[in-house]
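For the record, the sequence lines run as chains G and S.
Under this note's numbering, think of the first position of the first sequence as 23, with each following residue one higher.
Under this note's numbering, think of the first position of the second sequence as 243, with each following residue one higher.
What follows is a set of notes on a single structure, which appears directly below.
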Amino acid sequence: DAMVIQNPRYQVTQFGKPVTLSCSQTLNHNVMYWYQQKSSQAPKLLFHYYDKDFNNEADTPDNFQSRRPNTSFCFLDIRSPGLGDAAMYLCATSRDFGGREPQHFGDGTRLSIL
Amino acid sequence: KQEVTQIPAALSVPEGENLVLNCSFTDSAIYNLQWFRQDPGKGLTSLLLIQSSQREQTSGRLNASLDKSSGRSTLYIAASQPGDSATYLCAPKPSGSARQLTFGSGTQLTVLP
Numbered sequence: 023d024a025m026v027i028q029n030p031r032y033q034v035t036q037f038g039k040p041v042t043l044s045c046s047q048t049l050n051h052n053v054m055y056w057y058q059q060k061s062s063q064a065p066k067l068l069f070h071y072y073d074k075d076f077n078n079e080a081d082t083p084d085n086f087q088s089r090r091p092n093t094s095f096c097f098l099d100i101r102s103p104g105l106g107d108a109a110m111y112l113c114a115t116s117r118d119f120g121g122r123e124p125q126h127f128g129d130g131t132r133l134s135i136l
Numbered sequence: 243k244q245e246v247t248q249i250p251a252a253l254s255v256p257e258g259e260n261l262v263l264n265c266s267f268t269d270s271a272i273y274n275l276q277w278f279r280q281d282p283g284k285g286l287t288s289l290l291l292i293q294s295s296q297r298e299q300t301s302g303r304l305n306a307s308l309d310k311s312s313g314r315s316t317l318y319i320a321a322s323q324p325g326d327s328a329t330y331l332c333a334p335k336p337s338g339s340a341r342q343l344t345f346g347s348g349t350q351l352t353v354l355p
C-alpha cells in the first residue's frame with residue numbers, strides 16, 4: 023500500500039501559469055520534504071516542514087512556495103513556472119530528524135512546461 | 243558543504259554477477275547513510291539505512307558497508323537479476339543542525355539477461 027502519495031503523476035502547465043502539486047501521507051510522520059530532480063541529476067531539497075514549522079533552503083527560488091494544512095497533506099505551489107522548472111518533484115516524509123529514521127518517498131510528479 | 247560522488251556513473255553486467263557500487267562523501271560528520279533505488283520515471287525506494295556506528299547492513303541480496311572515517315560506502319549486490327536494473331543513489335545524512343540529505347548523482351545499473 024502506498025504510504026506517500028503524490029498527485030498528479032504527470033502535470034503539464036503553461037509558461038507563467040500557477041500550478042500546485044499535492045502530496046499526502048498515511049504514516050503520520052512529522053516531517054515532510056519537497057525535492058526537485060532534473061534529468062540525470064541528484065534530487066535537490068527545496069524545503070521541508072517539521073509539523074507546522076517551515077524551513078526553506080537558502081537557494082530555493084521565491085517562485086516556489088509550500089503549504090501544509092495538516093499532518094497528512096503538503097502542497098508545492100509554483101507561482102510563475104518557467105521552462106527551467108520542468109523536472110520531477112519528489113515528496114518525502116520521515117518520522118523526525120533522528121538518525122534512525124529513513125526518508126520515505128512518493129512516486130513523484132513530473133512537471134512539463136509548455 | 244557535503245559533496246557526494248558515485249562511481250561508476252553507469253554499469254552494465256550480465257545476469258548472475260556480483261557487483262559493487264561505490265559512494266564517497268567529503269564530510270564524515272554524518273548521522274547515517276541511506277541507499278535508494280530509483281526506477282525510470284519513479285520516486286525513490288529506500289533499500290538500506292546504515293547508522294554511523296554500524297559497519298554494515300544487509301537485506302536479502304544487498305549488503306551496504308560504511309567506513310565513516312574515510313568517507314566511503316559500498317552497496318554490494320549478489321547474484322544480480324534483470325529486475326535489479328535501476329539507478330542507485332546514496333545519501334549521507336549530516337549530524338548536527340543540518341537536516342537535509344545530500345544525494346549523489348547515482349549509478350545507473352543495467353543487468354543483461
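Note that the Cβ used here is the ideal one computed from N, Cα and C, for glycine as well.
- Identify every residue that forms a DSSP beta bridge with D5(G). Chain G is shown only over 23 to 136; residue 5(G) falls outside these bounds and no answer can be derived.
- Query: Helix, strand or coil for L253(S) per DSSP?
  - Reply: Numbered from 1 along the second sequence, position 11 holds the residue referred to as residue 253(S). Collapsing the DSSP output to three states places L253(S) in a strand.
- Task: Could you please tell me which residues of the segment 309–323 of chain S, in chain order, have their CB closer than 9 Å to any CB of chain G?
- Result: For the segment 309–323 of chain S, the set of residues with a beta-carbon nearer than 9 Å to any beta-carbon of chain G is empty.
- Message: Quick check: is the beta carbon of S134(G) nearer than 9 Å to any beta carbon in chain S?
- Response: Counting from 1 along the first sequence, the entry for residue 134(G) is found at position 112. Taking Cβ atoms only, chain S never reaches closer than 9 Å to S134(G), which makes this a no.
- If you drop the 5 nearest sequence neighbours on each side, which residues of the same chain put their C-beta closer than 7 Å to that of N50(G)? Walking along the first sequence from the start, residue 50(G) turns up at place 28. If we look at N50(G) and ignore the five residues flanking it on each side, its Cβ neighbours are T93.
- Task: Kindly indicate which three-state DSSP category L343(S) falls into: helix, strand or coil?
- Result: Reading the second sequence from its first residue, position 101 is the one you call residue 343(S). Residue state, collapsed to three classes: coil.
- Item | Helix, strand or coil at P336(S) [DSSP, three-state] | What you label residue 336(S) is simply residue 94 of the second sequence in a count that begins at 1. Residue state, collapsed to three classes: strand.
- Environment of Y57(G) [buried if 16+ CB atoms lie within 10 Å]: Residue 57(G) sits at position 35 when you count from the first residue of the first sequence. Taking every protein chain shown into account, the CB of Y57(G) has 16 or more other CB atoms within 10 angstroms, so this residue is buried.
- R122(G) versus chain S: which residues are under 8 Å apart at the beta carbon? Within the first sequence, numbered from 1, the residue matching residue 122(G) stands at position 100. Result: N274, L291 and Q293.
- Query: If we count the other Cβ atoms within 10 Å of its Cβ and call it buried at 16 or more, is Y32(G) buried or exposed?
  - Reply: Here residue 32(G) refers to the residue found at position 10 when the first sequence is read from its first residue. Exposed: under 16 other Cβ atoms inside 10 Å.
- Task: Under the assumption that L275(S) contacts A328(S) (Cβ atoms under 8 Å), give the Cβ distance between them as a whole number of angstroms.
- Result: Counted from its first residue, the second sequence places residue 275(S) at position 33. Counted from its first residue, the second sequence places residue 328(S) at position 86. Contact between L275(S) and A328(S) is absent: CB atoms are separated by about 18 Å, not below the 8 Å threshold.
- Query: For D309(S), which of helix, strand or coil comes out of DSSP?
  - Reply: As a first step, residue 309(S) is located in the second sequence; it is residue number 67 there, counting from the start. In the structure shown, D309(S) sits in a strand (DSSP, three-state: E or B).
- Can you list, in chain order, the residues of its chain whose CB lies under 8 Å from that of L253(S), leaving out five sequence neighbours each side? Stepping through the second sequence from its first residue, residue 253(S) is reached at position 11. Around L253(S): L261, L263, T349, Q350, L351 and T352.
- Item | DSSP-derived helix/strand/coil call for D84(G) | Looking up residue 84(G) in the first sequence gives position 62. DSSP places D84(G) in the coil class of the three-state scheme, outside both helix and strand.
- Message: Taking a contact to mean a Cβ-Cβ separation below 9 Å, would you say Q59(G) touches T115(G) in this structure?
- Response: On the first sequence, residue 59(G) is found 37 positions in, with the first residue counted as 1. On the first sequence, residue 115(G) is found 93 positions in, with the first residue counted as 1. No. Outside cutoff.
- What is the DSSP secondary structure of D326(S), counted as helix, strand or coil? Position 84 of the second sequence, counted from the first residue, corresponds to residue 326(S). Assigned with DSSP and collapsed to three states, D326(S) falls in helix.
- Item | Among T247(S), K335(S) and Q342(S), the one whose alpha carbon lies nearest that of I292(S) | Taking the second sequence and counting its residues from 1, the one referred to as residue 292(S) is at position 50. Taking I292(S) as reference, the option from T247(S), K335(S) and Q342(S) with the minimal CA-CA separation is K335(S).
- Can you give the Cα-Cα distance for T316(S) and Q36(G), rounded to whole angstroms? By one-based count along the second sequence, residue 316(S) stands at place 74. By one-based count along the first sequence, residue 36(G) stands at place 14. Taking the straight line joining both Cα atoms gives about 43 Å.
- Message: Just to confirm before moving on: does the CB-CB distance between S88(G) and L68(G) stay below 9 Å?
- Response: Reading the first sequence from its first residue, position 66 is the one you call residue 88(G). Reading the first sequence from its first residue, position 46 is the one you call residue 68(G). Against a cut-off of 9 Å, the Cβ pair of L68(G) and S88(G) comes out as a contact.
- Message: Using a Cβ-Cβ distance cut-off of 9 Å, determine whether F278(S) contacts chain G.
- Response: Mapped onto the second sequence, residue 278(S) falls at position 36. The beta carbon of F278(S) sits closer than 9 Å to some beta carbon of chain G.
- Task: Put D107(G) into one of helix, strand or coil per three-state DSSP.
- Result: Reading the first sequence from its first residue, position 85 is the one you call residue 107(G). Looking at D107(G) - three-state DSSP - the assignment turns out to be helix.
- Task: For A306(S), count neighbouring C-beta atoms within 10 Å of its own C-beta (all shown protein chains included) and say buried if the count is 16 or more, exposed if not.
- Result: Locating residue 306(S) in the second sequence gives position 64, where the first residue counts as 1. The C-beta of A306(S) has 16 or more other C-beta atoms within 10 Å across all chains shown, which makes the residue buried.
- Task: Give the interface partners of F345(S) over in chain G, defined as CB-CB distance under 7 Å, in chain order.
- Result: As a first step, residue 345(S) is located in the second sequence; it is residue number 103 there, counting from the start. Chain G residues near F345(S): A64 and P65.
- Message: Is there a Cβ of chain S sitting closer than 9 Å to that of F127(G), yes or no?
- Response: For the purposes of this step, residue 127(G) is taken as the residue at position 105 of the first sequence. Interface residue, yes.
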